[in-house]
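Beneath this line is the structure, given in structure tokens, with notes to follow.
Protein chains: 4
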Amino acid sequence: MEHPSRRDVLAGGAAVLTSFGWLRGARAQAAPASAGPADPKLIEDLVAANRILVDQGVVDGYGHVSVRHDKAADRYLMSRSVAPELVTAADIMEYDLDSVPVDSRGRAMYLERFIHGEIYRVRPDVQAVVHNHSPSVIPFGATGVPLRPLYHMSAFLWPGVPVFEIRNAGGPATDMLIRNAALGQTLARSLGASPVVLMRGHGAVAVGGSLPEGVFRAVYTEVNARLQAQAMALGGTVVYLDPEEAKRAQASVAGTIGRPWELWKKKALAR
Amino acid sequence: MEHPSRRDVLAGGAAVLTSFGWLRGARAQAAPASAGPADPKLIEDLVAANRILVDQGVVDGYGHVSVRHDKAADRYLMSRSVAPELVTAADIMEYDLDSVPVDSRGRAMYLERFIHGEIYRVRPDVQAVVHNHSPSVIPFGATGVPLRPLYHMSAFLWPGVPVFEIRNAGGPATDMLIRNAALGQTLARSLGASPVVLMRGHGAVAVGGSLPEGVFRAVYTEVNARLQAQAMALGGTVVYLDPEEAKRAQASVAGTIGRPWELWKKKALAR
Amino acid sequence: MEHPSRRDVLAGGAAVLTSFGWLRGARAQAAPASAGPADPKLIEDLVAANRILVDQGVVDGYGHVSVRHDKAADRYLMSRSVAPELVTAADIMEYDLDSVPVDSRGRAMYLERFIHGEIYRVRPDVQAVVHNHSPSVIPFGATGVPLRPLYHMSAFLWPGVPVFEIRNAGGPATDMLIRNAALGQTLARSLGASPVVLMRGHGAVAVGGSLPEGVFRAVYTEVNARLQAQAMALGGTVVYLDPEEAKRAQASVAGTIGRPWELWKKKALAR
Amino acid sequence: MEHPSRRDVLAGGAAVLTSFGWLRGARAQAAPASAGPADPKLIEDLVAANRILVDQGVVDGYGHVSVRHDKAADRYLMSRSVAPELVTAADIMEYDLDSVPVDSRGRAMYLERFIHGEIYRVRPDVQAVVHNHSPSVIPFGATGVPLRPLYHMSAFLWPGVPVFEIRNAGGPATDMLIRNAALGQTLARSLGASPVVLMRGHGAVAVGGSLPEGVFRAVYTEVNARLQAQAMALGGTVVYLDPEEAKRAQASVAGTIGRPWELWKKKALAR
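Sequence order for the protein chains is E, G, Z and X. Per this note's numbering, residue 1 is the first one in the first sequence, and the count goes up by one each step. Per this note's numbering, residue 1001 is the first one in the second sequence, and the count goes up by one each step. Per this note's numbering, residue 2001 is the first one in the third sequence, and the count goes up by one each step. Per this note's numbering, residue 3001 is the first one in the fourth sequence, and the count goes up by one each step.
What follows is the structure, encoded as structure tokens:
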């Protein structure tokens, strides 16, 4: 860039931000108390969610999904750091909202767990968080072309899909990863009240009021991105869902999520 | 939109339409008489049809296929509300043309069953109806770019493929779903004498003179959409089938549908 | 079209052409003599070829592949009319070059078998013929954009890929099918000395000096079409193989066809 | 081309180059000494790497991957000439950097093994080499549109991806193959210090400091190419990773390669 001194300043600012995050993490290193065993069905759904996201092409060897603990709003559950396809119930760990593990037992943690904790902190409505490198979505994050609901299944996109530009918070020299609470907080701010936020040069995060809804949204954001790109390429004017239609379609479709979830879960657990 | 008062009027009109549909449904709530057991082979074909449509990428966790009862023209058969991939013979329910179930036994019904009943009512030639969110087709419905037969397998598209715009019937504030007989009737009117109708912001419906033909048409509408988009993207003039060619090709190809059906059914029932 | 009387004339001409083809078929109806049993390995390769073409996405429920009989140049072998994926050794039938079966035993024949017989008749170098609805290739036939070799694996395309326009031979009102010897002859004339001919609004035919080579060419024509469309879409100038490079690459690659064939055949026969 | 005499000159020059390569090969024909048995785990990883590259759509019936011998920097290990999907431990052969086999036992060798030997010779940092016909990458090599990192997973592309034009070294009449040491050397010179080099009209080569890293890079170059083409097609400005971001992302992501490798290897060896 043309102004090295400005970069230095920004890098310095990023270092300061990072330090604050580290201090925050350091203060919280004393293991937080467990909220107790989660409902085994929730754990089972979380394991299934990992495999479903693989089956649906939303995650590959990377990506992670979490769910808020059913016994405590300030705890969430997520696998240790392993490819989603390999997650089993024994891999599920409990975290506080600073993303400090309750009982790590030396298991490696997802570097970007802060994505989850910081969203749970500011979004009491959110019960599940999916971080992915959803392929068809990445080009939208890289171009700023707005993702908009093309059909009723992705009507939940009607509020708009913000794009998180990590350079705004972390400066020009980050490694693109949400590696601490401070960066997690800026990402959560970008997400705002939306169901999805894109991460420029990285991927996306989808949230939901339940694990099935979070997974559903991650899947149908990917589908919408693919179909929207096709629609744009056909030429002519693309008609998206009208906001009034979209609000109602979202509400109606939300009531049907059990139908794909039943199928997806059955196949996921049959492996 | 710029005229809230107009929207209110339209919404009110939609509410009136909906009420009429509900009244219609209410009057028909007394369970209609069964036409008796359908041919077991027809049930088997219907179960297979569900899986075939999944295998061919035409339906996912959503979508449904029905067939007119072989014993009575005013009855049709369709699964209870479940993902197509999970449909078994035990799930098949019998409906009258108001889409009232003969023997629901408390089983959930597809919300949009009216798509089927209302088409059977006005299309005596139709023996099978497929409702789907056929992915490659959705961009055509969203842009109004006309689907036209690119090759002989989709020659049946030659009459033209209408696009159903739900706002014309239901106003600007529908939830995009064909949730009652009135909306089903407007959709059937859009379909007219065509083999396929697109639903803007939703998906499509394909019909056929038999279950294999209905499934065949759903599959090859999807293929045609995919290939037509590719042809348009190559640049240059796209040569579609001439209407004379298309009529004859449709007739000839119709005589060969047993060949893919045999393969598709064999694989579907082998799962 | 603007001149019905011209269409009538052309249709009449088509009818005459068809009649000649029928007469030709009628004269040949006396079953031709068999050339004796073909090499069982050739039959095995032919069965494998069918499945390979399915696995490679070149054929679906439609399409067919044949091989010239190893005992007689005026006989060829091809399955009865069934989806390629279902072909077994027991389905293989023997035909003369008029595409009359030696021993039909009432089995249904591929309507378009004339594609094969007429090519064997005029191309003594050809030992295998693949007819397909190769998806990525169809848009090229529909637009006339020339298929050209993008990389060494499809170097065999360097002579150019002709496009067969059935209206030139059969008039504006054909059903798009090569349903008799006369149409087969016009298609063979379009093919000329090329390895591949596209059929506008239909699909393609690939030929080879052996069954592996014919299958290889069908597969890599599909791949080339897909990649060429992507290259054209990237913008900028697309550099195709220079004719000198292409000739030599074709010769060198031809010597390596055993490598994919071994893999493809092993997987095909393991089903 | 317009100047046959110039072509003759170039062809002559290519012949001379080829002769030098042959002589080089001839001098080295006395079998080189073995470095002894390689670590069985390295062999196991090499077998897995072959299958992983197939699973990830980077290689098909063609392509090959090698790893530098763990006991000697002037030896490398690669399968005999067979489709990657069929490679087993018994197929692994040992080569010196002239790509002469230690103990060929009459087994056929990959014609283009020189790609590997010549890169190991000039890149002491490289421990693994992948040669492929990575489909989404080929259009970039054919158009010269520069591959650039669209997201953090392909950050390693930040130094730029050179394109090897074989006509610069071998003249206008090569068969596109790296069939001798001289051509291998020109390719290695094109690669320079980069992680990937595209081969116009052919495919690509990816290198890594370990076998998992080489495979990872081959996979994510393919993904990046696919997503970059989609981003370019969306219109608007495509934002690639800033070089500062890319360097840091590459370093951070490099530390996570074990996560997909664990998954990929487990599935590859479970076949």
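Yeah, the Cβ is synthetic: ideal placement off N, Cα and C, and Gly gets one too.
{"Asked": "Segments assigned alpha helix (DSSP H), at least 4 residues, entirely inside the stretch 2099-2150 of chain Z", "Found": "2114-2122, 2138-2143"}
{"Asked": "Contact test: Y3240/X Cβ vs the ligand SAM heavy atom, cutoff 7 angstroms", "Found": "Ligands displayed in this structure: none; no statement on the ligand SAM is therefore possible."}
{"Asked": "Counterpart residues of V2205/Z in DSSP-defined beta bridges", "Found": "H2131/Z, V2197/Z"}
{"Asked": "Neighbourhood of A1155/G by C-beta distance below 7 angstroms, restricted to the same chain and skipping five residues each side", "Found": "P1149, L1241, A1246, A1249, Q1250, V1253"}
{"Asked": "Any 3 or more C-beta pairs closer than 8 angstroms across the stretch 3192-3201 of chain X and the stretch 104-124 of chain E", "Found": "no"}
{"Asked": "Cβ-Cβ distance between S3134/X and G3203/X below 8 angstroms", "Found": "yes"}
{"Asked": "Three CB pairs or more closer than 8 angstroms across the stretch 3209-3226 of chain X and the stretch 3043-3053 of chain X", "Found": "yes"}
{"Asked": "Residues of the stretch 2074-2088 of chain Z whose Cβ lies closer than 9 angstroms to any Cβ of chain G, in chain order", "Found": "S2081, V2082, A2083, P2084, E2085, L2086"}
{"Asked": "R217/E, DSSP secondary structure in three states", "Found": "helix"}
{"Asked": "Strand pairing of M2093/Z, partner residues [DSSP]", "Found": "M2078/Z"}
{"Asked": "Under 9 angstroms by beta carbon: chain Z residues contacting R3105/X", "Found": "Within 9 angstroms Cβ-Cβ: nothing; R3105/X doesn't reach chain Z, min ~19 angstroms."}
{"Asked": "Beta-carbon contacts of W2261/Z that lie in its chain and below 6 angstroms, excluding the five residues immediately before and after", "Found": "P2212"}
{"Asked": "Status (buried if at least 16 other CB within 10 Å, exposed otherwise) for T3088/X", "Found": "exposed"}
{"Asked": "Min CB distance L1234/G to chain Z below 8 angstroms", "Found": "yes"}
{"Asked": "Interface positions of the stretch 3151-3176 of chain X facing chain Z (Cβ-Cβ less than 7 angstroms), listed along the chain", "Found": "P3172, A3173, T3174, D3175, M3176"}
{"Asked": "Straight-line gap, V65/E to G3057/X (C-alpha atoms, nearest Å)", "Found": "26 angstroms"}
{"Asked": "Burial state of D3039/X, where buried means 16 or more other Cβ atoms lie within 10 Å", "Found": "exposed"}
{"Asked": "Min CB distance Q3230/X to chain E below 8 angstroms", "Found": "yes"}
{"Asked": "Where the alpha helix (DSSP H) containing R51/E begins and where it ends", "Found": "40-55"}
{"Asked": "For A1268/G, the three-state DSSP class (helix, strand or coil)", "Found": "helix"}
{"Asked": "Test: L1183/G CB closer than 8 angstroms to a CB of chain Z", "Found": "no"}
{"Asked": "L1023/G - DSSP class collapsed to helix/strand/coil", "Found": "Any reading at L1023/G must be qualified, since the residue scores a pLDDT of 47, below 50, and its modelled position is unreliable; the value itself is stated next. Correct three-state label for L1023/G: helix."}
{"Asked": "C-alpha distance - I138/E paired with G1255/G, whole-angstrom precision", "Found": "45 angstroms"}
{"Asked": "Inter-residue spacing [alpha-carbon to alpha-carbon] between D1103/G and G1036/G", "Found": "12 angstroms"}
{"Asked": "Contact set between the stretch 3239-3250 of chain X and chain E, restricted to residues whose Cβ is under 9 angstroms from the partner", "Found": "V3239, Y3240, L3241, D3242, E3244, E3245, A3246, K3247, R3248, A3249, Q3250"}
{"Asked": "Buried or exposed (CB count within 10 angstroms, at least 16 for buried), P1124/G", "Found": "exposed"}
{"Asked": "Rounded Cβ spacing between W1078/G and H1116/G (contact assumed at less than 8 angstroms)", "Found": "The amino acid occupying residue 1078/G in the given sequence is Met; Trp does not appear at that position. Yes, M1078/G and H1116/G are in contact; Cβ-Cβ is about 6 angstroms, under 8 angstroms."}
{"Asked": "For Q3230/X and V223/E, the rounded distance between their alpha carbons", "Found": "14 angstroms"}
{"Asked": "Proximity test, Cβ basis, 8 angstroms: D1227/G and chain Z", "Found": "The identity of residue 1227/G in the sequence shown is Leu, whereas the question assumes Asp. With 8 angstroms as the cut-off, L1227/G counts as an interface residue toward chain Z."}
{"Asked": "Contact residues within the stretch 128-147 of chain E, judged by C-beta distance below 9 angstroms to chain X", "Found": "H133, P135, S136, I138, P139, F140, G141, A142, T143, G144, V145"}
{"Asked": "Close-in-space but distant-in-sequence residues of the same chain around A2225/Z (CB under 8 angstroms, 5 per side omitted)", "Found": "S2134, S2136, V2137, P2139, F2140, L2147"}
{"Asked": "H116/E at chain X interface by Cβ criterion, 8 angstroms", "Found": "no"}
{"Asked": "Close-in-space but distant-in-sequence residues of the same chain around G2021/Z (CB under 6 angstroms, 5 per side omitted)", "Found": "Residue placement at G2021/Z is flagged as unreliable, the pLDDT there being 46, under the threshold of 50; a coordinate-derived value is accordingly withheld."}
{"Asked": "Same chain, Cβ closer than 8 angstroms to S3034/X, neighbours up to 5 away in sequence not counted", "Found": "R3075, E3094, V3102, D3103"}
{"Asked": "For S2034/Z, the three-state DSSP class (helix, strand or coil)", "Found": "coil"}
{"Asked": "Listed by chain order, chain G residues near S252/E by CB distance under 7 angstroms", "Found": "D1175, L1177"}
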